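Undergrad: Attaching a single structure in structure tokens format; questions to follow.
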Amino acid sequence: MNDLLTAAFISAFLVACIAGAVPLLLASVGETIGEQSGVLNLGIEGVMLVGAYTGYAVTIASHSVWIGMLGGAVGGIVLSLLMLVLNTLFGLNQIVIGIAMTLAGQGITSVLYQEKYAQSQPSISPDRWRIPGLSGIPAVGSSIFSASGMFWVAVLLAIVVAYLLSRTNWGLSIRAAGQKPSSLDAAGGSVMKTRSQAVLLGGFFSGLGGAYLSLISTGAFTPFMTAGVGYIAIVVTMLSRGRIWVVAAISLLYGVTQALGTALQLGGISVPTQVITMLPYLVVMVVLLIFARSVYISPVLAAPYARGAR
Amino acid sequence: MTTERTGTRRAVDIVVRSVLPVVFALIVGGIILLALGKNPLKYYGDIVVNGVLGGNLQNSLVMMTPLLLMAIALIVVFRGQLWNLGYDGQYLLGAVFVGGLAPQLIPKIGLGPSYIALIVLSIAVAAAWTLVPAWLKARFGTNEIITTLVMSSIGVGGTGLLIEYLFQDPAQRTPQTRTMNTADMLPYIPGTKVHVGFIVAIVAAVVFQFILSRTSFGLRLDIFGVNPKAARHVGINSRTMTIVLFLISGGLIGLAAALDVMGQWGYVRNNWNPAYGDTIMPFVFLARLSPVGSIPFVLFYSIFATGGTVASIDSGLSTDFNMVIVALILVFMTITEYVGSKRELGQSYLPDELRDAVRRPFAALTGRSAQA
Amino acid sequence: MSSSTGVVALKGITKAFPGVVANDNISLDIHSGQVHCLLGENGAGKSTLISILAGLQLPDAGTIEIDGTPVVIGSPKTAVKHGIGVVHQHSTLVPSLTVLENLMLGETGLRLQEKRARARLEELSGLLGASIDPRLLASDLGLGQQQQVEIAKAMWAGSRLLILDEPTSMLTPSAIENLAESIDRLKHQGLAVVFITHKLREAHQMGDCVTVLRSGRKVGFLSPEQMSGFTEEQAQAEILRAMFGDDLSAAGGLDEAADLAGASEATREVAAIDIDEHPVILELDGVTSSGRTMDVMVHDVSLQLHQGEILGVAGIDGHGQTGLAEVVAGQRAATQGAVRFDGADITKLGVRERQELGARYVTDDRLHEGTVGNLSVALNLVLKRIGKPPFWRFGQINRSAVNAEARRLIDQYTIRTPSPATRAAALSGGNIQKILLARELGDGARVLVVNKPTYGLDLKTVRLVHELLRSFAARGGAVLLISTEMDEIVELSHRVSVISKGRIVGHVDNNGSGTAEKVGQLMIGGGNDD
């Protein structure tokens, strides 16, 4: 077992951990903003896939991971427009639209990938920021302090969102829109505007999360590659109730479960791949069973707001 | 007399609202095909050729069996405003037990008893897989969308494990179950190549139509679905109802799996997931959650899927293109529904805030023209 | 015109909804430094008028002028900008936010300006004569405090016009006095106040001038000069004639009308009974029940309800009344104690068994709990007998039996509906309440729990409901009358129990005058210990 705990091993473990955690963190932050404002975006799986695909396509075209990440975010925003127009503005059923978004995202990215990249299957080499000095430290140096620049951007973005939600008037409006939209309306705020911003920002983050997955975590797009991360993001959101640090903690835990599989394989212990893919879901289910009482869902979540209707 | 006229108008309205989304989805789907450099007319033509003509309709009817049962399974829970989105896991777990056990069981206890035992087992397995989400929903109100999806993912993984470690066909190198003898599979309806499962599905649709529309259980279910508060008020036990509905839904999915494996496939291989539920969902809504009403829609989709698979392969397109069409139908369905309900109420199509925003530039325009 | 400064003027405001003209060409002037009372029964169009001023709805016709300048109030935001603050009938505070956060909601600028907000709250607290802890969660506020916060919120951005929509309907007598004092202070600050009520005596007490609305039209106006010139009786008579118009005789003359409109202190109107001669039919013995999430739980409640008796349960809204009703109806389980019916323990029985025994419940949420809006009137009338013969045989519905029963009940209770097949949601509030009463009172009813039975109903239906309750009791039925309307409690009850924070804090025998005062004292005594 001592062989397992070499610097190289820990480094690989941490790399896998970050690769699993960051896409979920970004997506969950996006979903949290939406959920806090009263919009349950079930289409996040589709949004992530579109982000992953557009990020991939833009990176191949531009030869820049950074422009690719931006492309992924824009892709996420574009698909979220569907939710914005149909649900936030017109008040149509969020659940049905969410499912449609997932199907659309899965279908269109699979079709496009088949058309454009299935033959060549280009892969992307991630950029790494070796932080001077720190990257020399054993284990963490070659993993955390040599991670992609996007990793640090993601961490920064999560902190910014935590600040926005808790310390600004905008955050207050978001929370009011998700708890009692009529209050926000009566106070002179706009429920529609607030929720629209939340949906678009949610699309931005989910798209970014998808792009991170394809560009940095795996280095290529494959159809259906999110494999349920979007749904896990919804669970994370429900458990964290708007607290970004909880979102980060659960995302990290998810990253650990992902890394565990990698670690076991590296350690020569054969574990069926199904078990590795099932592991996060099993963890989620156990968490849900234990914390079932504390999962709080706002009474107005997923309910469209119409002025005057009670 | 006026009621008669409005009655026919309503009927026309319902048909229009059900068909329109499909038409729009096909049009937009065609535009996407054009954008991808394919000929939409040829593509849709291929679907008709491969889904209907020259005996291909029978293939579509075979396809229809699991889809129709899946549709009824969704209708039952949706009417209760519960979302069982864990159909993939439920279906596959039921299927893998049937596929894994059938080749060994049939020689031992004979065809008839095996059919019944396997159907019952599949129903039980799939229904059992809904229990945890159902209990969490009933006890704590935990969102069942999430729990069923998560349980589904676990079920899909579990199916793979079962195949590799329990039901693996030793004669095959790829992970899959043993294959049933063609002679042991469900018999055809005389004179066709459609297995008898099709009849079971149609009968199930009729039976559930009756249960939902004519019985006290159906009424209780509807009250529970549209108004949980009233359900509590009239003494409907919401916990029992939640669990019962999930069990029925899971059971129907298990039935679909058993009939499908024994009637059509004969085995289950690893990483195989027909994802019937995702694709049939919009049609369930278009049929207004009516089991019998869903029959034509399910037939339409069966043809579309059967023909579409061939058509997409022919034109070098991913078969996932079907998902795009289904998503488009869902989107246009909600829009049609929205426009329709607004028209019925005689309201503006636009919500207040948006209408004001639209009006303002117009007001500015007319103001200017008045000055000019 | 100099007289147009300090005036908010409504000119020819008209607003129609499908099937009803809520406001028909209403004009009125609201002056600074005055309390303008809007008086009218439920459904007279008061709320619509207010929602137009608040920017929640746009009028179909008519204009609003502020200081002589026409304005369009297209959203609450615009209303706030014009200094129009509204305290709505239903709380607009977000329960999960603190008082301070609630007050800051709607402010612009990036950062939350907590310091500035605290200072503003202190300023307003002084003005209102209230002290409120800004860090409290809105859900933890008492009702009086909650209203003070609502008023502070309405005036947050600087107010010229404060609108109070039925502010007293849920308050204790002492809280109403506090409110009156606050309003007086604001008035002397030069603020215009619109005070909406359906109680005549409040209009008279609080208002400098009174506008009376009926069926969407302005039917009377008493100027400040008239208000100060008339004697109380003259003013009352004037207002009543306007309120009832030609219906005055139908309502039973001036006295009866005055009574209906809450002109004077209410008095008991049921025949006295000797409680001891009537056996106990329903008994609650130390019943405790946990609420759902936000509800107040019922705590150690003991009650005895006799045959032929109407037992009033008075209390401020949200103090466990719904829990009490549900424990009796079987919708909520008792975690401790026993519920006995005719001496038999029914604690473990569910809704349907109790229904069969004759314990019935008319819920206060008649639209969303008592009826299923998109089911027919006929099905709603048999909603609690689903599956039972003759309406269902072998689980299958017998439509002709259902329709026959529906027709019978529709006739008996004069439910106005186009047909038994009409969707229940299409009916008016009064007729929906009749559906509930018809369903619960028929078929062997022995105990009836009614929760806020006349809330939001027009005066004629109120009278009918009261009549039904009285005659049910006279026939030997027992009524548990839960209400937040003190007048209703006093008029109908033989005895009154007072509920506060889920506990019964005292009993009052309703004989002679002073019942309202005693009940009020109990409500305050039990309600202000936080």
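Residue numbers (my numbering), protein chains in the order written: chain A, 6 to 315; chain B, 756 to 1127; chain C, 5 to 534. All residues carry an ideal CB built from backbone N, CA and C; glycine is no exception. Source: prediction; values computed, not measured.
(1) In whole angstroms, what is the alpha-carbon distance linking A311/A and V961/B?
(2) Run the CB neighbour count on S232/C, radius 10 Å, all protein chains shown included, and call it buried at 16 or more, exposed below.
(3) Within 8 Å of any Cβ in chain A, is that where the Cβ of W838/B sits?
(4) Using a cut-off of 9 Å between C-beta atoms, extract the partners of Y1093/B located in chain A.
(5) Going by DSSP, which residues form a beta bridge with W365/C?
(6) How big is the Cα-Cα spacing for A1127/B and T82/C?
(7) Any idea which residues DSSP pairs N27/C with across the strands?
(8) Applying the criterion that 16 or more other CB atoms from any shown protein chain within 10 Å of the CB defines a buried residue, is P283/C buried or exposed?
(9) Since T1089/B and N98/A should fall inside the 8 Å C-beta cutoff, what is the C-beta to C-beta distance between them, to a whole number of angstroms?
(10) Is the stretch 1003-1013 of chain B in contact with the stretch 784-803 of chain B, if contact means three or more CB pairs nearer than 8 Å?
(11) For a minimum of 4 consecutive residues, which ranges assigned as the alpha helix (DSSP H) are wholly contained in the stretch 179-246 of chain C?
(12) Compute the distance between the beta-carbons of V63/A and G208/A, then report whether it is under 8 Å.
(13) Would the beta-carbon of T1047/B fall within 8 Å of that of G854/B?
(14) Residues of chain B with CB closer than 7 Å to the CB of Q437/C, please, in chain order.
(15) Closest Cβ-Cβ distance between M996/B and chain C: below 8 Å?
(16) Name, going along the chain, the residues of the stretch 217-250 of chain A whose beta-carbon falls closer than 9 Å to a beta-carbon of chain B.
(17) Buried or exposed, going by whether 16 or more other CB atoms sit within 10 Å of the CB of Y920/B?
(18) Taking the CB atoms as reference points, tell me whether I23/A and A152/A lie closer together than 8 Å.
(19) What residues match up with Y943/B in a beta bridge as DSSP calls it?
(20) L107/C: buried (16+ other C-beta within 10 angstroms of its C-beta) or exposed?
(21) Would you call I274/A buried or exposed, if buried means 16 or more other Cβ atoms sit within 10 Å of its Cβ?
(22) With respect to the beta strand (DSSP E) encompassing D513/C, which residues constitute its N-terminal and C-terminal limits?
(23) Express the C-alpha separation of P888/B and I390/C in angstroms, rounding to a whole number.
(24) Note the first and the last residue of the continuous alpha helix (DSSP H) segment covering V1053/B.
(25) Helix, strand or coil for T1020/B, going by three-state DSSP, please let me know.
(26) Any residues in the stretch 78-90 of chain A with a beta carbon nearer than 9 Å to a beta carbon of chain B? Which ones, in chain order?
(27) For the alpha helix (DSSP H) containing R1043/B, name the first residue and the last one.
(28) Please go through the same chain and pick out, in chain order, the residues whose beta-carbon is closer than 8 Å to the beta-carbon of L461/C, but skip the five residues on each side of it.
(29) For P186/A, which residues in chain B fall below 7 Å Cβ to Cβ?
(30) So which residues on chain C does T173/A lean against when the C-beta distance must stay under 8 Å?
(31) Which same chain residues end up closer than 6 Å to I129/A when comparing Cβ atoms and leaving out the 5 residues on each side of it in sequence?
(32) In chain order, what residues of the stretch 510-524 of chain C put their CB closer than 7 Å to some CB of chain B?
(33) Could you tell me whether the Cβ of S69/A comes closer than 8 Å to any Cβ of chain C?
(34) Following the continuous alpha helix (DSSP H) through R122/C, name the residue where it begins and the one where it ends.
(35) For the stretch 82-97 of chain C, enumerate the residues whose C-beta is nearer than 9 Å to any C-beta of chain A, in chain order.
(36) Within 8 Å of any Cβ in chain B, is that where the Cβ of E120/A sits?
TA: In this structure, then:
(1) About 39 Å.
(2) exposed
(3) yes
(4) L91, F95, G96, L97
(5) In the sequence as presented, Trp is not what sits at residue 365/C; that position holds Tyr. DSSP lists V453/C as partners of Y365/C.
(6) Below a pLDDT of 50, predicted positions are generally treated as unreliable, and A1127/B, at 30, falls in that range; the measurement from the model is reported next regardless. Near 30 Å, if we compare the C-alpha coordinates of T82/C and A1127/B.
(7) K19/C
(8) exposed
(9) 6 Å
(10) Taking a cut-off of 8 Å for Cβ pairs, the stretch 1003-1013 of chain B and the stretch 784-803 of chain B do not touch, as fewer than three such pairs fall below it.
(11) 204-210, 228-233
(12) no
(13) The sequence shown places Val at residue 1047/B, rather than the Thr named in the question. No. Outside cutoff.
(14) Near Q437/C there are no residues of chain B at all, since even the closest Cβ is about 15 Å away, more than 7 Å.
(15) no
(16) If the cut-off is 9 Å between Cβ atoms, the stretch 217-250 of chain A has P228, F229, A232, G233, Y236, I237, I239, V240, M243 near chain B.
(17) exposed
(18) Cβ atoms of I23/A and A152/A: closer than 8 Å.
(19) H950/B
(20) buried
(21) exposed
(22) 507-513
(23) 28 Å
(24) According to the DSSP assignment, V1053/B belongs to the alpha helix (DSSP H) that extends over 1049-1069.
(25) Reading off the sequence, residue 1020/B comes out as Trp, not Thr. Note: W1020/B maps to helix in three-state DSSP.
(26) L87
(27) Unbroken run through R1043/B: none, as it is neither H nor E.
(28) N46, G433, G434, Q437, V469
(29) For P186/A, no chain B residue has a Cβ inside 7 Å of its Cβ, as the nearest lies near 12 Å away.
(30) L114, R115, L116
(31) T64, L220, G224
(32) none
(33) Interface criterion not met: the Cβ of S69/A is under 8 Å from no Cβ in chain C.
(34) Per DSSP, R122/C is one residue of the alpha helix (DSSP H) stretching across 118-132.
(35) T82, A83, V84, K85, V90, H92, H94, S95, T96, L97
(36) yes
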